[in-house]
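Structure record follows, encoded as structure tokens.
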Amino acid sequence: MASSFDKYQKRKLISSYISVVISIALVLFLLGCLGLLVINSKKVADHFKEQVVMTIYLNDTAKEVEVNQLKKSLAMADYTKEAKYVSKEEAAEFMKAETGEDFMDFVGYNPLKNSIDVYLKADYVTTEQLTEITDNLSNKAFIEEIRYDNDLVELMNDNVKKITLWVLIISGLFTLIAVLLINSSIRLAVYSKRFIIKTMQMVGATKSFIRKPFVWKSVQLGIIGAIVALIGMSIVLYYLDLTFPELELLRNTVMIIVLFVGIFFLGIVITWISTFIATQRFLNLKTDQLYY
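Heads up: the sequence shown at position 189 corresponds to 189 in the UniProt record's numbering, and the numbers run straight through without jumps.
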């Protein structure tokens, strides 16, 4: 009979530990994924900014020397990520592929212009910077026109600012929620042993002696939960890197290592503090208060 009861208690204890580990792992995993989002938010924003194209249309009378000089100066400019020369013939072929019709059959000639598509670095994709670049290039007589989608640039920058603000707010709230959830799981685990704590105290055990095994066990659970969370984060990060290789998510190795180490120690610190507070609370309670 006693053996069956001991087995029941052991299964109950293991079940309690598993639930605590799962709670810690899930919370830390979600917190870690949010951390990955924060770390890579600028990189994602920069990726979309660098898709904006500034097109420089050239006069038909532009000399080859002038065009080559312009291409070289653009390639060496601080604001240029990539500059690509597009001839009027290439532009016509592109439009034919897009529309499925050859517009030159109707007009009888190619009205398009030779152009240079300039992909700017993310820091220069602002209305002020683009205006300054346009003014500098417009001084060249062989440049007919410079076009870019200013409305898209303004909308993109406004959205990046809003998203960055909300990500920071959500990160703060989620960190608080993570601490509270892990704390609740630890408190429930300690609550189930409140009578054991009080019994040890009544036979003369010191508070630090009673607290030590509880804290150590919780730290062990925190370590296991953190490891599970880190494995999950690694899988997500690997999958995202395969799906979106252009974002180069694994390139920022130092920040990723710092995040992983931070999540690992966060699991230890939160469980240690939560267990310390929970055991201290029951140590300070009177015996008749344990039933409430």
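Just so it is clear, CB atoms sit at the ideal spot from N, CA and C, and this is done for glycine as well.
DSSP places Val118 in no alpha helix (DSSP H) but in the uninterrupted beta strand (DSSP E) bounded by 115-120. Proximity to Val215 across Ala229, Ile270, Val258, Val167 peaks at Ile270, based on C-alpha coordinates. Under the Cβ criterion (8 Å, minimum of three pairs), the segment 133-148 does not count as touching the segment 83-96.
CA-to-CA, the gap between Val203 and Val261 works out to about 41 Å.
The beta carbon of Ala178 sits closer than 6 Å to those of Val27, Leu31, all from its chain and outside the five residues before and after it, given in chain order.
Annotation for Ala75: the continuous alpha helix (DSSP H) segment containing it runs 64-76. One thing to note: Ser41 has its Cβ no nearer than 9 Å to the Cβ of Ile133. The DSSP-derived three-state label of Ala83 is strand. DSSP places Arg147 within a strand segment (E or B) once states are collapsed to three.
Taking each of Leu266, Trp272, Val258, Gly267 in turn and checking the Cα distance to Leu36, the smallest one comes out for Val258. At the C-beta level, Leu237 and Ile256 come within 9 Å of one another. Ile22 counts as exposed, since fewer than 16 other beta carbons sit within 10 angstroms of its beta carbon.
Apart from sequence neighbours up to five positions away, the residues of its chain that approach Ser185 with a beta-carbon distance below 6 Å are Val20, Ser23, ordered along the chain. Short of 8 Å from the beta carbon of Leu152, and not among the five residues preceding or following it, lie these beta carbons of its own chain, in chain order: Val52. Taking a contact as a CB-CB distance under 8 Å, the pair Ile116 and Leu74 counts as one, their CB atoms being some 7 Å apart. Here Lys72 is exposed, its C-beta having fewer than 16 other C-beta atoms within 10 Å. Tyr239 counts as exposed, since fewer than 16 other C-beta atoms from the protein chains shown sit within 10 angstroms of its C-beta. When beta bridges are read from the DSSP output, Leu58 appears opposite Ile143.
Contact annotation: Phe264 and Leu230 have beta-carbon atoms nearer than 9 Å. Counting of Cβ neighbours within 10 angstroms places Ser274 among the buried residues, the total reaching 16 or more.
Rounded to the nearest whole angstrom, the C-alpha separation of Ile169 and Pro245 is 28 Å. Gly225 is positioned such that its CB atom lies closer than 9 Å to that of Ala25. Annotation: Met233 to Cys33 spans about 6 Å, alpha carbon to alpha carbon. For Lys207, the closest of Ala122, Glu90, Leu283 by C-alpha to C-alpha distance is Leu283. For Gly225, the uninterrupted alpha helix (DSSP H) run begins and ends at 207-243, by DSSP.
Our two residues, Leu250 and Ile196, have alpha carbons roughly 48 Å apart in a direct line.
DSSP, read as helix, strand or coil, puts Val53 in strand. A check of alpha carbon separations from Val125 across Gln69, Asp158, Ile268 identifies Asp158 as the nearest. For Asn114, same chain residues with a beta-carbon under 6 Å away, outside a window of 5 residues either side, are Leu58, Ser87, Lys88 in chain order.
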